Amino acid sequence: MKVVIIGGYGVFGSLTARLLARDGHQLWLAGRHPKKGRALAQDLRAQTLKLDIGKAPEALFKVKPDVVIDAAGPFQHYGDDPLKVPRLCIANGCHYLDLSDSAQFTKGITALNNEAIAAGVFALSGASSVPGLSSCIVADLLKGLDEVDLIDIAILPGNRAPRGMSVIKSIVSGVGRPYQVWRNGAWQKAVGWTDRKLYELKPDLTRAGYSVDVPDIALLPEQTGARSVMFRAGLELSVMNWALHLLAKLRQYGRFELPDMAYSALWVLSKALYPFGSDRGGMQVSVSGKLGDQNLTRKWRLIAEKGHGPFVPGVMCRAILRELNNINAGARPCLAELPRSLVESAMADLEIHTEFVDVFDRNSPDPRGDVQKDESSGPTEKRGLIPETP
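Take the sequence shown: its letter number 247 is residue 247 in the UniProt record's numbering, and every next letter is one higher.
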């Protein structure tokens, strides 16, 4: 399959390219400076494509791609015509995916739905960790529940995860910014990089997460009927978390933007701190609700070892391309497009371990006995019962 990846030699674009190359796709790594991608292209037996979306986006279609993946970003800064690329893809009969983490951008793609259906192609926004992967997991955890009280999602990368300039801009742009969050059945004000919470991913792996505005916040309440939907993200090093938290506090007293040179300084700082911390990261999706008259929390955890966490944003694109003929035409947010099993199978060749457990309220007996359900998978897979979480 012919696939053009915009930003294909950037941080997440390059890792997505590596996953797709393993599946035998014919790849073009597109961007304004193709020389930067030549070494990667040679390694993957791919090609580069000179592309300036702002000036000549039509260059995308010189190679007649079957699929275009936008992995560039930051999607919060896509200007006056943010849907230019998916619109052109639809007009050229080409499928479109992106790695957007912007709620506004991802929701907005529905404006192209009728055009995409008429063209017989799909345009899915947010085919990344959120909301693409997270919503697939949520849909699985919801099965059989009579009520849903809380959906709580957290992404907690290791410090040695690579960070390009677009990643830094995406993170910092939301720090201290007010947004609406669905809590206790009503929209309430939240502020980016506040509301700290600790997550225990494993007995030896606890990380702090902070409130962040992502598409899940806007999309999952209506999709699931949950009374509350929360999302947090956090960095491994406390000094970086507290610096962003301080910036959030300052911005609450007066909104201000950082100059470009400040982003460059932050990028240099992140490089300087790279040797510290670890290459272990994780993600947790939990759903709390009722099964009959019992309170139940279902948790799905992902632990990435040996620096493989940054591959996760590209996993959803990989899984979708494997199931291309089963994806309906239309332009929409990437929500629960595939079952959990197919998404997890797209990580099978990575150093990633996943775990799925049910935790019943101790005050009410578990009808299946005093154990949890364990559906672990990954390279260090161990199946069987695991002890109840206190």
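Every residue gets a Cβ at the ideal spot worked out from N, C-alpha and C, and that includes glycine. These numbers come from a predicted model, not from an experiment.
query: Note the first and the last residue of the continuous beta strand (DSSP E) segment covering F122.; result: 122 to 125
query: With DSSP as the reference, label G282 as helix, strand or coil.; result: strand
query: On the DSSP letters alone, give me the boundaries of the alpha helix (DSSP H) that G13 sits inside.; result: 11 to 22
query: Figure out for me which residue from I352, D213, Y274 has the closest Cα to the Cα of residue 404.; result: The chain is shown only over 1 to 390; residue 404 falls outside these bounds and no answer can be derived.
query: Would you decide whether G192 is buried or exposed? Buried here means 16 or more other CB atoms lie within 10 Å of its CB.; result: buried
query: So what's G192 in DSSP terms, helix, strand or just coil?; result: coil
query: Near Y263, which residues of its chain fall below 8 Å by C-beta distance, leaving aside the five closest residues on each side in sequence?; result: M165, I168, K169, V172
query: Tell me which residues share the same chain as G309 and place their Cβ nearer than 7 Å to its Cβ, disregarding the 5 neighbours each side in the sequence.; result: P157, G158, A161, G281
query: Quick one: give me the first and last residue of the beta strand (DSSP E) that M230 is part of.; result: 228 to 233
query: Rounded to whole angstroms, what's the CA-CA distance from A208 to D361? Just pull it up for me.; result: 24 Å
query: L60 and L88: beta carbons closer than 8 Å?; result: yes
query: From this set, Q223, R196, E200, which residue's C-alpha is nearest A248's C-alpha?; result: R196
query: Count the other CB atoms within 10 Å of the CB of T206; is the residue buried (16 or more) or exposed (fewer)?; result: exposed
query: First and last residue of the beta strand (DSSP E) that includes Y274?; result: It is not in any beta strand (DSSP E) - Y274 carries neither H nor E in the DSSP assignment.
query: So the beta strand (DSSP E) S211 belongs to, where does it begin and stop?; result: 205 to 211
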